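Shown next, in structure tokens, is the structure this report addresses.
Numbering (the working numbering), first residue to last: 21 to 392.
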């Protein structure tokens, strides 16, 4: 008995992969751009609505392809405007996506894996272990879900998501191909058209993958550092034992050299009480970063059960910032957002508990639009 072949999900296909797909089914590759526009600019999921495609082609596409986005299991809105979605992916696992509006900007924090294998000691995501990589469709689908939360996709309307950061669940560079395909779509003029300066990938420091990324994309880069020396970083970020700070810093410098457009690396530094927030470590960090074009983002630790850590006191954060700023490093303190819905940095775990199930009843129908 012959089984029906699985249809190809076109949602996560980059322009290049879409062209290859059309050639594989005996069609001209210029059809790829038409379909990319229909899917991502118009929000269309039904091939019959793609009116600039012939009837025969539409019929063929329905036989061999589909446009399938991941399922939203629940959504929650914080009092501060932050939105969080738990999204079910193939196999039944959940990943979380967070949208943070701020003035005329809206930044989407996107997950790349179900869980994470890096086991950074201050991150709740890593405590659940690693399940699998997301597909490109599951990555780009998170952006689509966020945009559609404001209503139907309107290519002539205001931009609803202005920035994307690959800082959700998982280490993006450990899911290289799918993440590159998804980010390519984010920046594709015929899809979402985001500026390369507004798409950021955050990594704990996979040196070979940083070099490989620089050969394929010119997105902005963030380094999840959290300590100025190897001894401390080995405890906080176990990957450092494989790629120590000196090697990671050199990879970041190579990445900037290839960009050649005066961009800087964003250094992420989670502030943990009594662990990495002393003035001495601030001065050591200054010495480490003095020849790396960068900006420093201090992130107050967001507690989770059994972490064993506490958030740095405001006085300690302020003094740390004073030391680094005085040295000439542009330093900001990240405002904690979405903490009431466990959407803050380091809190994403891909679980639906009783509280979030109850909160779903009270989600308002939000029609406001974040302007460009």
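Every residue, glycine too, gets a C-beta built ideally from N, C-alpha and C.
Treat the numbers as computed from the prediction; the structure is a model and nothing was measured.
- Inter-residue distance for residue 141 and residue 255 is about 7 Å (C-alpha atoms, whole angstroms).
- Residue 203 sits away from residue 116, with the two beta carbons spaced by 8 Å or more.
- Residue 126: not part of any alpha helix (DSSP H); member of the beta strand (DSSP E) spanning 125 to 129, first to last residue.
- By the Cβ rule, the region 235 to 246 counts as touching the region 276 to 293, because three or more pairs are nearer than 8 Å.
- Across the set 35, 296, 61, the C-alpha of 35 shows the shortest separation from the C-alpha of residue 49.
- Across the set 347, 340, 346, the C-alpha of 340 shows the shortest separation from the C-alpha of residue 353.
- Residue pairing by DSSP puts residue 286 in a beta bridge opposite 242, 315.
- Runs of the alpha helix (DSSP H) lying entirely within the region 155 to 184 and spanning at least 4 residues, in chain order: 156 to 168.
- Beyond the five residues adjoining it in sequence on each side, residue 279 comes within less than 7 Å, by CB distance, of 238 in the same chain, given in chain order.
- Note that the C-beta distance between residue 214 and residue 166 is not below 8 Å.
- Rounded to whole angstroms, the separation of the alpha carbons of residue 182 and residue 249 is 35 Å.
- Counting C-beta pairs closer than 8 Å gives fewer than three between the region 288 to 307 and the region 224 to 239, which falls short of the contact rule.
- A Cβ-Cβ separation of about 6 Å places residue 175 in contact with residue 62 under the 8 Å criterion.
- Relative to residue 302, the option among 187, 65, 336 whose CA is nearest is 336.
- Under DSSP, residue 120 shares a beta bridge with 127.
- In this structure, residue 132 and residue 159 form a Cβ contact; the two beta carbons are roughly 6 Å apart against a cut-off of 8 Å.
- Residue 75 sits in a helix when the DSSP states are folded into three classes.
- Between residue 276 and residue 73, the alpha-carbon positions lie close to 42 Å from each other.
- Residue nearest to residue 324 within the set 146, 32, 78, 119 is 146 (criterion: CA-CA distance).
- In this structure, the beta-carbon distance from residue 96 to residue 104 falls below 8 Å.
- Sorting 90, 68, 92, 93 by C-alpha distance to the C-alpha of residue 83 places 68 at the top.
- Setting aside the 5 residues that flank it on each side, residue 86 is surrounded in the same chain by 27, 29, each with a C-beta closer than 6 Å to its C-beta; the list follows chain order.
- Under the three-state reduction of DSSP, residue 142 is assigned to coil, being neither helix nor strand.
- Under the three-state reduction of DSSP output, residue 192 falls in the helix class.
- Under a 10 Å Cβ-count criterion, residue 297 is classified as buried, with 16 or more other Cβ atoms of the shown protein chains found around its own Cβ.
- In the displayed model, residue 271 falls within a helix according to three-state DSSP.
- In its chain, beyond the 5 residues on either side, 80, 84 have a beta carbon closer than 7 Å to the beta carbon of residue 45.
- Around the beta-carbon of residue 192, 16 or more other beta-carbon atoms lie within 10 Å, marking it buried.
- Looking from the CA of residue 342, the closest CA among 169, 299, 64 belongs to 299.
- Beta-bridge partners assigned by DSSP to residue 320: 291.
- The criterion of a C-beta distance shorter than 8 Å is satisfied by residue 130 and residue 186.
- With contacts defined as CB atoms closer than 8 Å, residue 198 and residue 163 fail to qualify as a contacting pair.
- Rounded to whole angstroms, the Cβ separation of residue 56 and residue 211 is 6 Å, and the two are in contact under 8 Å.
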